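There are 2 protein chains.
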Amino acid sequence: MDITDKLNMTMLCDFYELTMGNGYLEAGLKDRITYFDIFFRDVPDHGGYAICAGLERIIAYIQDLHFSEEDIEYLRSKDLFSERFLDYLRDFKFTGDVWAIPEGTPIFPREPIITVRAPAIQAQLVETFLLLIFNHQSLVATKTNRIVRAAEGRVVLEFGSRRAQGTDAAISGARAAYIGGCAGTACTISDQLFGVPAGGTMAHAWVQMFDSEYEAFKTYCEVFPTNATLLVDTYNTLKSGVPNAIKAFNEVLRPKGITKCAIRLDSGDIAYLTREARQMLDEAGWESCKISASNSLDEYIIQDILRQGAKVDLFGVGERMITSKSDPVFGGVYKLAAIEKEDGTIVPKIKISENVGKITNPHFKKVYRIFDKATGKAEADYITVWDEVIEEGQPLELFDPDATWKRRTYTDYTIKPLQEKIFEHGQLVYQQPTLPEIQKYCREQIDTLWDEVKRFENPHNYYVDLSQKLWDIKQDLLRKNYR
Amino acid sequence: MDITDKLNMTMLCDFYELTMGNGYLEAGLKDRITYFDIFFRDVPDHGGYAICAGLERIIAYIQDLHFSEEDIEYLRSKDLFSERFLDYLRDFKFTGDVWAIPEGTPIFPREPIITVRAPAIQAQLVETFLLLIFNHQSLVATKTNRIVRAAEGRVVLEFGSRRAQGTDAAISGARAAYIGGCAGTACTISDQLFGVPAGGTMAHAWVQMFDSEYEAFKTYCEVFPTNATLLVDTYNTLKSGVPNAIKAFNEVLRPKGITKCAIRLDSGDIAYLTREARQMLDEAGWESCKISASNSLDEYIIQDILRQGAKVDLFGVGERMITSKSDPVFGGVYKLAAIEKEDGTIVPKIKISENVGKITNPHFKKVYRIFDKATGKAEADYITVWDEVIEEGQPLELFDPDATWKRRTYTDYTIKPLQEKIFEHGQLVYQQPTLPEIQKYCREQIDTLWDEVKRFENPHNYYVDLSQKLWDIKQDLLRKNYR
């Protein structure tokens, strides 16, 4: 079962993709093969890397691309499209090729993440949906990964559904957060759909519903003796919440021999309150009781309260993770990189801009990651024209594409292509990993990054370099096209 | 047709709503009538008011609330819920009452926006979904309204799908943006589903697909002579884009007698480029050609470029509107306000917090807006206990609930209840307005606000006051419950 089984998203496109499609048809460009890249220019929060996510949903979308009669009727009502185009849409399906960097991979600015090779109308139509899914899920995976790193091995749970930007933001956001390193979610449907482990116990309303806090805690422990996380801050955490929790644990859990339990704090000075609560619990013989904390947390606040000696075992993180509040936009773009002539020649295309950062890398490309053989660490990513061959035994000279005199030569390296082939002639040829496999892969790949790339403030600018051949082609196109 | 027809969202709940539900059942509280309020504490971007949105979706959700056998099977697999509870879910439906402030209404902190009166399990279950929809759609409507006001009568279009936080953020976001004052969207499916007018013409890829910019423009004008908005910044806006656009208009549109056309800029110095482009178009006899601008706009940048004399007729606003980038979280909460005893007595409940701002307003309440009869302007909102009667002819004394010595007496006023009854015993009793009606209502209601409330920087703090009776009850509960 998948969310996309239930709601076809073909019409989630920008309207201009349809007008351009109609135009390509009328201009005889329907079958022209085009190459588009998704790439991004900046890592959110000025981080050193992002985490790629969303591919599973993109695959489901592409497999299900079609226009219903209802869709075509709606388009006809706009009084704009030719009947020929509407006819064409009736049998529309995706017949192209797609390459993508797998979910969970650390990714860097300006490298091609997803590459689409397809007839112009098809390639143009998928623009918005691919960007939307890639941008959203990568945003949340990237932010979550920062928060998980700040927690230094403590469990991080995703609690943000109520502040998510719409249903999909909650549902798919929990999935992306899991890829980024969350252990679980509060969002039930994300467990049901994707297997992101969901959990939860009580809100303040539960406590208020009873005549006393103690009665609320005791009743809860009786109903769920094996899932007793008690929310202790409804009235007063230290004077009332923690003592009542200890009393309930003693009365209900102790006689059953249950030691697994927890308290949760959702307000107040977490550093101070958890230190005090820890001491009270330990003195009462509840060393096994975990302490969970929530309340507007993010990577900076978590670092800060840990520095202050907070005693927290689990962090519940809500709005600041699910919306990536401090930087809520992942700026992936979808740009034409090449077209294919009828004889199969690939003609590179470039988008010029007054803003140098907005200039695209032209051509059908390949992207590789270079690892140092001795340390196993990722040293640089390397973008080539599609038909270049890298001989792994040979020294490889890389240079900064902006400061070309900065050159480094790698000798003892391994090299790995980053993109996998996902669709070939419209057929899925990729074996999708499971969600736990993606999470594990993500963790392993992050381990290949130097600490300098991982730090939150002023991380090292990871190298993403162009091959000499690609660089030359780009310079040539710039000279020819700049006006 | 509605997005919610296709995907039941009952399982989009926080897991704790299910554990609490199971607990209420086991504790004999299943049929206890509870009152919950949705309210918020702060207006995003430090604005003077927010715009309420999302009710239509909330209605559809409540009408469709049920658990499928598949849902129950999933819950059973968690090995946590009692069979009695799973049985109970099999026939679950919503039987309660709901009051809500209609979509498009300006709303203020601490007043009840949506009030749910229902048996405990039901009222608890809807918490996450109601918050999620209200928070998201109100966020986008509120942000859009700021941007629309900054545009001072110029057309604002929603262009943000590709940067939206998931599919629903794009689809429902476009609807919320329309309520907030957008004229249309690029998002096709939002037109199809909700009637938000969608439009669009071309991306840079269209221009790059042809051998020359001129050929791209000419072809487009030939295919869509009545929808010719040409994107002029692919190579060089003033040296190439605008001259080629004028040439294409002259060649294709002029002979057909078509004067309606436009150019669009998506990069560069909008103030400078649009002034120059305007002059070039006017000198070529294309005074009728509109200028559309996009590129990371928001209310501040729009104000700024208009101040610099930009000549823009339409603003396309993307990521900063659809994510409310500068403040991407609307902080609505859902709090228990009262419970009903078996004899029908309503017992007010309060949530205390060390953080005074987090203390709730207890009890089943009514909220009114007071308008000055002479000016028609909104003067204050007034929250009472549900059974209080306001005699409109009589002088009405309001006081600041925090600084109680600040008192004002209204004599020449009209008073309007803000919440409407939406559900009664689970039945929809509310006639939903159309989307254009909501947009119009929103505009009219904003006209009732003083300019001081509407300004972006340091707006006047609109009064939201409690009746003496409600204030007394709150103080009493605070005294009794503070520990």
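In order, the protein sequences belong to chains P and Y. The opening residue of the first sequence carries number 102 in our numbering; numbering runs sequentially from there. The opening residue of the second sequence carries number 102 in our numbering; numbering runs sequentially from there. For every residue, glycine included, the Cβ atom is placed at its ideal position computed from N, Cα and C. For clarity, every value in this text was computed on a predicted model and none was experimentally measured.
- Distance between Asn337(Y) and Phe557(Y), taken at the CA atoms: about 35 angstroms.
- Burial of Thr461(P) is indicated by the presence of at least 16 other C-beta atoms within 10 angstroms of its C-beta.
- In the DSSP assignment, Tyr435(P) falls within the beta strand (DSSP E) that extends over 434-441.
- Glu420(P) sits buried, since 16 or more C-beta atoms from the chains shown fall within 10 Å of its C-beta.
- Contact annotation: the region 311-326 of chain P does not touch the region 267-278 of chain P, with fewer than three C-beta pairs closer than 8 angstroms.
- Among the CB atoms of chain P, one or more fall inside 9 angstroms of the CB of Ala221(Y).
- Shown in chain order are the members of the region 303-329 of chain P whose Cβ falls below 7 angstroms from a Cβ of chain Y: Met303, Ala304, His305, Ala306, Trp307, Gln309, Met310, Thr320, Tyr321, Val324, Phe325, Asn328.
- Shown here, Arg544(Y) sits in a helix according to DSSP, grouped into three states.
- The residue among Val324(P), Thr505(P), Ser568(P) with its C-alpha nearest the C-alpha of Tyr125(Y) is Val324(P).
- Looking at the DSSP output, Glu498(P) shares a beta bridge with Thr510(P).
- For Phe116(Y), the C-beta contacts it makes with chain P under 7 angstroms involve Ala287, Thr289, Ala299, Gly300, Gly301, in order along the chain.
- The contact set of Glu127(Y) on chain P, defined by CB atoms closer than 7 angstroms, consists of Val324 in chain order.
- Shown here, Thr243(P) sits in a helix according to DSSP, grouped into three states.
- By the beta-carbon neighbour count (other beta carbons within 10 angstroms, threshold 16), Lys319(Y) is buried.
- Under a 10 Å Cβ-count criterion, Pro496(P) is classified as exposed, with fewer than 16 other Cβ atoms of the shown protein chains found around its own Cβ.
- Per the C-alpha coordinates, the member of Arg263(P), Pro326(P), Ile248(P), Gln164(P) positioned closest to Leu231(P) is Gln164(P).
- For the set Thr135(P), Ala151(P), Tyr136(P), the Cα lying nearest the Cα of Arg142(P) is the one of Ala151(P).
- Judged by DSSP secondary structure, Arg158(P) falls outside any beta strand (DSSP E) and instead within the alpha helix (DSSP H) spanning 156-164.
- A direct Cα-Cα distance of roughly 34 angstroms separates Leu156(P) from Arg508(P).
- In the displayed model, Trp200(Y) falls within a strand according to three-state DSSP.
- For the region 342-374 of chain Y, the beta-carbon criterion of a distance under 9 angstroms to any beta-carbon of chain P is satisfied by Ser368, Gly369, Asp370.
- Nearest C-alpha to Lys179(P) among Lys581(Y), Ile290(Y), Pro145(Y), Tyr469(Y): Ile290(Y).
- Within the DSSP bridge table, the entry for Leu529(P) names Phe524(P) as partners.
- Nearest CB-CB separation between Leu579(Y) and chain P: not below the 9 angstroms threshold.
- In terms of Cα proximity to Cys362(P), the closest of Ser368(P), Val199(P), Gly386(P), Val565(P) is Gly386(P).
- In this structure Gly296(P) is not in contact with Cys543(P), their Cβ atoms being roughly 16 angstroms apart against a cut-off of 8 angstroms.
- In this structure, DSSP gives Thr335(Y) a state outside helix and strand, which the three-state scheme calls coil.
- Interface residue (Cβ-Cβ distance to chain P less than 9 angstroms): Phe465(Y) is not classified as such.
- For the set Gly477(P), Lys581(P), Ile451(P), Asn559(P), the Cα lying nearest the Cα of Gly149(P) is the one of Asn559(P).
- The Cβ-Cβ distance between His167(Y) and Thr120(Y) does not fall below 9 angstroms.
- Less than 9 angstroms divides the Cβ of Ile160(P) from the Cβ of Phe524(P).
- Not a single C-beta of chain Y is nearer than 9 angstroms to the C-beta of Met381(P).
- A Cβ of chain P is located within less than 9 angstroms of the beta carbon of Phe260(Y).
- Judged by their CB atoms, Gly527(Y) and Thr196(Y) are nearer to each other than the 9 angstroms cut-off.
- At a beta-carbon threshold of 7 angstroms, none of the residues of chain P lie near Ala251(Y); the nearest stands roughly 19 angstroms away.
- Residues of chain Y with a Cβ closer than 7 angstroms to the Cβ of Thr229(P) are, in chain order, Ser262, Arg263.
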